[in-house]
Amino acid sequence: MTFNAVLCGCGAMAKGWLRAIQSTPEIAGAIRIAGLVDLNENTARALAEEFALTDAVIGTDLRHVLAETKADILFDIVIPQARFAVVEAGLDAGCHVLSEKPLAASMEEAATLVELAKKAGRIHAVVQNRRFIAGIRRLRRALEDGIIGDLTAIHCDFFLGPHFGGFREEMKNVLLLDMAIHTFDAARFVANEKPLSVFCVEKNPAGSWYAHGASANAIFEFSNDVVFTYRGSWCAEGERTSWEARWRLIGSKGMILWDGEDNFSASVAGDEQGLLRGFKTVNVSDAVSEKDTRGHASVILSFLHSIRTGEMPETASFDNINSLAMVIGAIESARLGQRVSIAA
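Counting from 1 along the sequence shown, just add 940 to a position and that's the residue number in the numbering used here.
Structural data, given as structure tokens:
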């Protein structure tokens, strides 16, 4: 079966979606981009021309285009402030909806969208493509294999200095809202635990070219006594970390290090006598499913599988709301200057 899809929001992010669709045969053969919607019709027309979507209905009225195309799927790539109305329109039209992150602009809106999807009997999921990469899957697999015992802590460092220009440099809470959610979601996936509380300090350091919140330091408490710490900056010039952050997992028997790129190391206690016992290296398996390590394409494939089978995707909105709660909780903690509970 080929699904009719409407893509709403035709800016730069939309190009990444369309590349993933057109370059993945299993997706390209299952989806027809039947419509493009943007507040600026010329932007939608330019996208249609660039990706040879000659038959796509072009418009500025989402509900009208959904009806005209008899859409099965809505791809929501709008800014967070517009997300609620867009997803609501898609669900009202009987569409399954795949949204760009974050799930919503507030916890109240997120909870309402989760309920609307449930009432509509439609799948609503979020693109958290950073959990669909080999490194994150290998960390999760290593913990499941028990190579370092029971997980006790995850520590992530994220230090880069990208000069985006545009809307990001004017955003409030820019690091937490626009980037940290990727690492938060990945940590939640790796730990396979529920976030319970957070204490966060957010700053806009000297030399920052952002308007607000270019750095953040957060301590999360997860269920089962697992701690997750995040240290991040988007105005850190010099030798950078990976975009995926630098990870250290601590377990009851040892630890795993991942540089966010290709380098893994794992070790457990050695046999030396004295104050320190030294360490012995252990192998981190690279046996992960290829279909789960294709980033954006894996998210869309999972979404299509869910539509066909009724199985819920990993990033279904009713679960992803926990990742949004981590972000909103961190922002609230920074505002109040105190530890706050996380409740999704």
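The beta-carbon is built from N, C-alpha and C at its ideal position, and this holds for glycine as well.
In whole angstroms, what separates the C-alpha of residue i from that of residue j?
i        : j        : result
His-1004 : Glu-1048 : 27 Å
Arg-972  : Asn-944  : 5 Å
Ala-1270 : Val-1138 : 6 Å
Asn-1241 : Phe-1024 : One detail in the question is off: residue 1241 reads as Leu in this sequence, not Asn. So the two alpha carbons sit approximately 24 Å from each other.
Ala-1151 : Arg-959  : 31 Å
Ser-1205 : Thr-1052 : 43 Å
Ala-1158 : Ile-967  : 38 Å
Val-1166 : Gly-1194 : 15 Å
Lys-1112 : Val-1066 : 22 Å
Phe-1129 : Arg-1080 : 7 Å
Thr-1181 : Trp-1149 : 19 Å
Ile-961  : Thr-942  : 13 Å
Val-1018 : Asn-1069 : 17 Å
Glu-989  : Phe-1124 : 36 Å
Ala-1154 : Arg-1217 : 40 Å
Ala-1209 : Val-1222 : 10 Å
Thr-1092 : Asn-1164 : 8 Å
Trp-957  : Leu-1083 : 31 Å
Arg-1279 : Ser-963  : 45 Å
Ala-1060 : Leu-1006 : 16 Å
Ile-1121 : Asp-1259 : 14 Å
Leu-1002 : Val-1026 : 8 Å
Val-1224 : Pro-965  : 31 Å
Gly-1277 : Met-1119 : 22 Å
Pro-1042 : Glu-1028 : 15 Å
Ala-1176 : Phe-1104 : 14 Å
Ser-1263 : Ser-1046 : 12 Å
Pro-1020 : Asn-1203 : 34 Å
Glu-1184 : Glu-1109 : 21 Å
Gly-1147 : Glu-1055 : 43 Å
Arg-1234 : Val-1114 : 26 Å
His-1236 : Phe-1219 : 38 Å
Met-1252 : Gly-1214 : 51 Å
Ile-1087 : Glu-1272 : 36 Å
Can you tell me which of the options puts its alpha carbon nearest to the alpha carbon of residue i?
i        : options                                : result
Phe-1098 : Gly-1214, Glu-1201, Pro-1135           : Glu-1201
Leu-1116 : Ile-1268, Ile-1282, Thr-942, Arg-1279  : Ile-1268
Ala-1044 : Asp-1016, Gly-1061, Ile-1063           : Asp-1016
Gly-1178 : Ala-968, Glu-989, Gly-1101, Ala-1007   : Gly-1101
Val-1141 : Thr-1169, Gly-1147, Ser-1148           : Thr-1169
Glu-1254 : Glu-1084, Asp-1032, Asn-1132           : Asn-1132
Cys-1171 : Arg-1186, Ser-1163, Phe-1162, Glu-1161 : Inspection of the sequence shows that residue 1171 is occupied by Arg rather than by Cys. It is Arg-1186.
Ala-1127 : Gly-1147, Leu-1006, Phe-1162, Glu-981  : Phe-1162
Phe-991  : Val-1026, Ala-954, Pro-965, Pro-1020   : Ala-954
Gly-1075 : Ser-1263, Gly-1250, Glu-1251, Glu-1230 : Glu-1230
Glu-1040 : Ala-1284, Ala-1274, Ser-1257, Glu-1272 : Ser-1257
Gly-1250 : Leu-993, Pro-1042, Lys-1058            : Lys-1058
Gly-1106 : Ala-952, Ala-1237, Glu-1272            : Ala-952
Asp-1226 : Thr-994, Asp-1085, Val-1054            : Asp-1085
Phe-1160 : Ala-1274, Arg-1062, Trp-1174           : Ala-1274
Ser-1173 : Phe-1219, His-1236, Leu-1215, Cys-1096 : Cys-1096
Near residue i, which residues of its chain fall below 6 Å by C-beta distance, leaving aside the five closest residues on each side in sequence?
i        : result
Cys-950  : Leu-976, Asp-978, Thr-983, Ala-984, Leu-987
Gly-1030 : Leu-1014, Val-1037
Met-1266 : Phe-1124, Pro-1135
Ala-1033 : Leu-1006
Lys-1143 : Ser-1155
Ala-1284 : Ile-1261, Asn-1262, Ala-1265
Arg-1062 : Leu-1031, His-1036
Please say whether residue j and residue i have beta carbons closer to each other than 7 Å?
i        : j        : result
Leu-1050 : Ile-1261 : Note that residue 1050 is Ala in the sequence shown here, rather than Leu. Their beta carbons are under 7 Å apart, which means Ala-1050 touches Ile-1261 by this criterion.
Val-1287 : Phe-1072 : It is not possible to answer for residue 1287, since the shown part of the chain is limited to 941 through 1284.
Ile-1247 : His-1064 : no
Ile-1094 : Leu-1189 : yes
Ile-1282 : Pro-1145 : no
Ser-1207 : Gly-1089 : no
Asp-1232 : Arg-1077 : yes
So, at 7 Å on beta carbons, what are the nonlocal neighbours of residue i in its own chain, with the 5 sequence-adjacent residues on each side left out?
i       : result
Ala-974 : Asn-944, Ala-945, Val-946, Ala-996, Val-997, Thr-1009, Ala-1011
Between which residues of its own chain and residue i is the CB-CB distance below 8 Å, once the five residues before and five after are set aside?
i        : result
Ala-970  : Met-941, Thr-942, Phe-943, Leu-1244
Leu-981  : It should be noted that the sequence gives Glu, not Leu, for residue 981. Here the set comprises Ile-998, Gly-999, Thr-1000.
Thr-994  : Ala-988
Asp-1211 : Arg-1217, Gly-1218, Lys-1220
Please tell me whether residue i has its Cβ less than 7 Å away from any Cβ of chain C.
i       : result
Pro-965 : Protein chain content of the structure displayed is limited to a single chain, and chain C is not contained in it.
State yes or no: is the C-beta of residue i nearer than 6 Å to some heavy atom of the ligand ADP?
i        : result
Arg-1078 : Judged by which ligands are present, the structure shown has none, so any question about the ligand ADP falls away.
(message) Please give the ranges of any beta strand (DSSP E) in the stretch 1139-1202, keeping only runs that are unbroken, at least 3 residues long and fully inside the region.
(response) With a minimum length of 3 residues, the continuous beta strand (DSSP E) runs that stay inside the stretch 1139-1202 are 1155-1162, 1167-1173, 1186-1191, 1194-1198.
(request) Let me know the beta strand (DSSP E) ranges lying completely inside the stretch 1058-1124, each 3 residues or longer, listed in chain order. (result) Within the stretch 1058-1124, the complete beta strand (DSSP E) runs of at least 3 residues are 1064-1066, 1091-1099.
(request) Enumerate, from N- to C-terminal direction, the unbroken beta strand (DSSP E) stretches of 3 or more residues contained entirely within the stretch 942-991. (result) 943-948, 971-977, all fully within the stretch 942-991.
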